[in-house]
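If you count by my numbering, then the sequence shown holds residues -15 to 27, one letter each, in order.
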Amino acid sequence: MKLTSALSIYGLILQIVQNTINITPDLYRESFLLRLFVEMNYL
């Protein structure tokens, strides 16, 4: 996966998560996104 496409996908996921999980604490949301981004790198 190219870096640009990975970043665009990450940005899309970030936007979706922020729009749908606004009630989630920032720390949990950031750790979730970080884990998701790391897992995507292994695809």
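We put the CB at the ideal spot given by N, CA and C, even for glycine.
First through last residue of the alpha helix (DSSP H) which encompasses residue i
i, result
"TYR26", "First-last for TYR26: undefined, no H or E at that position."
Test item: CB-CB of residue i and residue j under 9 Å
i, j, result
"ILE0", "MET24", "no"
"ILE(-3)", "LEU18", "no"
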